[in-house]
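First up is the structure itself, then whatever we jot down about it.
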Amino acid sequence: DAGVIQSPRHEVTEMGQEVTLRCKPISGHNSLFWYRQTMMRGLELLIYFNNNVPIDDSGMPEDRFSAKMPNASFSTLKIQPSEPRDSAVYFCASSPRTTGDGTEAFFGQGTRLTVV
Amino acid sequence: GQSLEQPSEVTAVEGAIVQINCTYQTSGFYGLSWYQQHDGGAPTFLSYNALDGLEETGRFSSFLSRSDSYGYLLLQELQMKDSASYFCAVRFRMDSSYKLIFGSGTRLLVRP
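Those protein sequences? They're chains A and B, same order as listed.
The first sequence finishes on residue 116 if you use the numbering used here, and the numbering steps up by one all the way, no holes.
The second sequence finishes on residue 228 if you use the numbering used here, and the numbering steps up by one all the way, no holes.
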């Protein structure tokens, strides 16, 4: 398996623009997670899905953030409108576990988002 | 609330042994995970301890003491490629679901 695949790897956008990050989890994994990593706040869980259903979105910072998982092989994280403080590395991860806590999660290479 | 503490930085010499400690405060504790992350890379799962004791996987070992709310990652026969950040993460149960929170990471620098 190619592992968790994220696109794009880098994204630079202007404040106010819509940003869509994409993720393809490892085939057969039941749980999918979106994380955000910054120097100030470290690694934070934004939302996770179990069998394509959003289970816990308490980490989503604002209504500007939304995530979808239309099928078992694809998920998106959208920020609309984007702001400079959204600049971070966004990781998608998947896990064969169904408990949804991210233990033994396999991470993608991340999308480095810069909002100017 | 939940909190984890780990040193921000550790330096060691190639071939040596280094221990990275992690202390935590949490209710509903279930287990402690360790992840490795190289600069510019993705976190990589290393180990998970749910029970007290030492788990060994090659050059890496992880230890947990639930009574002391403490764990550590032990790296033996250090190699230059082990230079990376290491994160401990606590798995706990809250509101009928499991959650995972990460520590702020320990940056390990291996010198020749």
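Yeah, the Cβ is synthetic: ideal placement off N, Cα and C, and Gly gets one too.
Keep in mind the model is a prediction, meaning the values are calculated, not measured.
Checklist line | For aspartate 155 of chain B, the three-state DSSP class (helix, strand or coil) | finding: If DSSP states are grouped into helix, strand and coil, aspartate 155 of chain B belongs with coil.
Next item on the list: With 8 Å as the threshold, decide whether the Cβ of glutamine 109 of chain A is near any Cβ in chain B.
Entry: yes
Check: Going by alpha carbons, who is nearest to phenylalanine 65 of chain A out of A/Leu21, A/Ala72 and A/Arg97?
Finding: A/Leu21
Notebook entry, point to check: Are asparagine 137 of chain B and tyrosine 202 of chain B touching if we call contact CB-CB under 8 Å?
Noted result: no
Next item on the list: Return the residue from the list B/Phe179, B/Asp211 and B/Ala158 that minimises the CA-CA distance to alanine 166 of chain B.
Entry: B/Phe179
Item checked: Contacting residues, own chain, Cβ-Cβ under 7 Å from threonine 173 of chain B (five flanking each side not counted) -> Within the same chain, threonine 173 of chain B has close Cβ partners Ser163.
Notebook entry, point to check: Residue range of the beta strand (DSSP E) that serine 220 of chain B falls in?
Noted result: No beta strand (DSSP E) holds serine 220 of chain B; DSSP gives it neither H nor E.
Next item on the list: Can you give me the start and stop residues for the beta strand (DSSP E) that valine 126 of chain B sits inside?
Entry: 125-129
Notebook entry, point to check: Thinking just about the alpha-carbon of each residue, which of B/Ala132, B/Val129, B/Thr139 and B/Gly131 is nearest to the one in proline 123 of chain B?
Noted result: B/Thr139
Item checked: Beta-carbon gap between phenylalanine 145 of chain B and phenylalanine 208 of chain B smaller than 8 Å -> yes
Notebook entry, point to check: Do the stretch 61-79 of chain A and the stretch 124-135 of chain B meet, that is, are 3 or more Cβ pairs less than 8 Å apart?
Noted result: No, they do not touch.
Check: Among residues of its own chain, excluding the 5 on either side of leucine 153 of chain B, which ones have a beta-carbon nearer than 8 Å to its beta-carbon?
Finding: Rather than leucine, the amino acid found at residue 153 of chain B in this sequence is glutamine. If we look at glutamine 153 of chain B and ignore the five residues flanking it on each side, its Cβ neighbours are Pro159, Thr160, Ala200, Ser201, Tyr202, Phe203 and Gly221.
Notebook entry, point to check: What residue range is occupied by the uninterrupted beta strand (DSSP E) comprising glutamine 131 of chain A?
Noted result: Chain A is shown only over 1 to 116; residue 131 of chain A falls outside these bounds and no answer can be derived.
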